[in-house]
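Residues in the sequence shown are numbered from 342 upward in steps of one, following this note's numbering.
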Amino acid sequence: MAAFERAVVLGYRYLETDVRVTSDGVALAFHDSTLDRVTDQRGRVADLPWAQVRHARIDGRERIPVLAELIDAWPDTFVNIDIKAEHSIGPTIDAIRRTRSLERVCVGAFSGSRLAAVRRVLGPRLCTSLGPREALALRAVPGLRRSAGRMLGRCAQVPARIGRIPFVDARYLSAAHRLGLPVHAWTVNDRAEMIRLLDLGVDGLMTDAADVLRTLLIERGQWSTQAREK
């Protein structure tokens with residue numbers, strides 16, 4: 342939770358996390374599919390029960406946070422949740438319901454079927470991002486029209502670049518904004534890239550360099566209580 346707490350202390354009110362789920366259905370705010378890279382334990386999260394995973398320590402110090410704990414920790418924050426796997430859908434829905442946080446979460450996934458499943462259960466009040474096909478369609482067909490049967494997401498959450506090639510550019514932003522869709526670019530840790538995207542008019546940046554982004558937004562006169570995202 343230390344990284345999230347640091348972002349909140351810096352003044353951010355939008356947090357972002359991936360979700361992984363243990364073998365017994367506990368939804369965790371955790372990026373990797375395994376414990377190996379960032380904790381003192383080993384193994385696939387999906388293969389291990391919470392009773393075992395709870396003993397893992399990030400950088401040897403901190404327990405992996407449960408998703409519901411993260412949502413509850415700062416009631417005045419919004420949490421963007423990226424569902425990484427099919428078996429994570431149910432536990433993520435349970436966490437949202439248990440914390441009564443429907444109005445302050447946004448769910449994304451690199452899978453149209455995962456998004457459809459969440460939308461079916463939680464309904465139209467839930468904020469979701471575009472699915473991958475919808476997000477790509479904006480780039481392929483800039484004049485695309487929004488309709489009830491398509492573009493069910495409220496925002497486009499897409500990579501800033503694919504390799505060295507910019508994915509988010511003026512053309513993409515224009516296509517999204519014509520449909521009333523804000524664009525959130527990930528994962529942007531380089532200051533020069535932050536400047537490029539802010540100059541284009543991107544609506545949100547997902548970053549691991551929260552302090553760098555905050556300093557830049559202050560310099561540009563764009564730091565406010567209305568739009569902050571980690």
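Cβ coordinates follow ideal geometry from the N, Cα and C atoms, glycine included.
For L456, count neighbouring C-beta atoms within 10 Å of its own C-beta (all shown protein chains included) and say buried if the count is 16 or more, exposed if not. Counting from one through the sequence shown, the residue named residue 456 turns up at place 115. A residue is called buried once 16 or more other Cβ atoms fall within 10 Å of its Cβ, and L456 is buried on that count.
Find the nearest neighbour of L520 within the set V407, D549 and R512, judged by alpha-carbon distance. Translated into the one-based positions of the sequence shown, residue 520 becomes position 179. Relative to the Cα of L520, the nearest Cα in the group V407, D549 and R512 belongs to R512.
Restricting to Cα atoms, I'd like to know which of N421, V349 and L351 is closest to F371. Your numbering for residue 371 matches position 30 in the sequence shown. Minimum Cα distance to F371 is reached at N421.
Per DSSP, cross-strand counterpart(s) of L558: Position 217 of the sequence shown holds residue 558. According to DSSP, which records beta bridges pairwise, L558 is partnered with nothing at all.
Here's the rule I'm using: 16 or more other beta-carbon atoms within 10 Å means buried, otherwise exposed. How should G449 be labelled? Within the sequence shown, the letter at position 108 stands for residue 449. Its Cβ being crowded by 16 or more others within 10 Å, G449 is buried.
Opposing strand residues paired with H525 [DSSP bridges]: As a position in the sequence shown, residue 525 is number 184, starting the count at 1. Beta-bridge pairing links H525 to Q498 and G545.
Let me know if T418 comes out buried or exposed under the rule of 16 or more other beta-carbons within 10 Å of its beta-carbon. In the sequence shown, counting from the first residue as 1, residue 418 sits at position 77. T418 should be labelled buried.
Proximity below 8 Å, CB of N530 to CB of D549: Here the question's residue 530 lines up with position 189 in the sequence shown. Here the question's residue 549 lines up with position 208 in the sequence shown. Here N530 is near D549, since their CB atoms are less than 8 Å apart.
Proximity winner among T528, R495 and A343, relative to T469 (alpha-carbon distances): Counting from 1 along the sequence shown, the entry for residue 469 is found at position 128. Cα-wise, what sits closest to T469 is R495.
Going by other Cβ atoms of all chains shown within 10 Å of its Cβ, with 16 needed for buried, is G366 buried or exposed? Position 25 of the sequence shown, counted from the start, is the residue given in the question as residue 366. So G366 ends up on the exposed side.
Roughly how many angstroms separate the alpha carbons of A478 and Q393, rounded to a whole number? Counted from its first residue, the sequence shown places residue 478 at position 137. Counted from its first residue, the sequence shown places residue 393 at position 52. Inter-residue distance for A478 and Q393 is about 42 Å (C-alpha atoms, whole angstroms).
Name the residue from L443, A409, A517 and R460 whose alpha carbon lies nearest to the alpha carbon of V482. As a working mapping, residue 482 is identified with position 141 in the sequence shown. Comparing C-alpha distances from V482 to each of L443, A409, A517 and R460 shows the shortest one belongs to A517.
Run through DSSP, which three-state label would A568 get? Here the question's residue 568 lines up with position 227 in the sequence shown. Below a pLDDT of 50, predicted positions are generally treated as unreliable, and A568, at 46, falls in that range; the measurement from the model is reported next regardless. Coil.
Measure from the alpha carbon of I405 to the alpha carbon of each residue in P390, G384, L369 and D377, then state which is nearest. Locating residue 405 in the sequence shown gives position 64, where the first residue counts as 1. Closest option to I405, Cα to Cα, is L369.
T433 and V360 - do their beta-carbons sit closer together than 8 Å? As a first step, residue 360 is located in the sequence shown; it is residue number 19 there, counting from the start. As a first step, residue 433 is located in the sequence shown; it is residue number 92 there, counting from the start. Closer than 8 Å, so yes.
So, with DSSP's three-state summary, where would you put F345? Position 4 of the sequence shown, counting from 1, holds the residue named residue 345. Per DSSP, reduced to three states, the secondary structure at F345 is helical.
L369 in three-state terms, based on DSSP: The count along the sequence shown starts at 1 and reaches residue 369 at position 28. Residue state, collapsed to three classes: strand.
Using CA coordinates, which residue listed in V543, R398 and R532 is at the minimum distance from D510? Taking the sequence shown and counting its residues from 1, one reaches residue 510 at position 169. Looking at V543, R398 and R532, the one whose alpha-carbon comes closest to that of D510 is V543.
Kindly give me the distance between the Cβ atoms of R505 and L539, rounded to whole angstroms, as I take these residues to be in contact under 8 Å. The residue you call residue 505 lines up with position 164 of the sequence shown. The residue you call residue 539 lines up with position 198 of the sequence shown. 20 Å between Cβ atoms; not a contact.
So the alpha helix (DSSP H) R480 belongs to, where does it begin and stop? Here residue 480 corresponds to residue number 139 of the sequence shown, with the count starting at 1. Its alpha helix (DSSP H) spans residues P473 to A481.
Across which residues does DSSP place E331 in a beta bridge pair? Outside the displayed span of the chain (342 to 571) sits residue 331, for which this structure offers no information.
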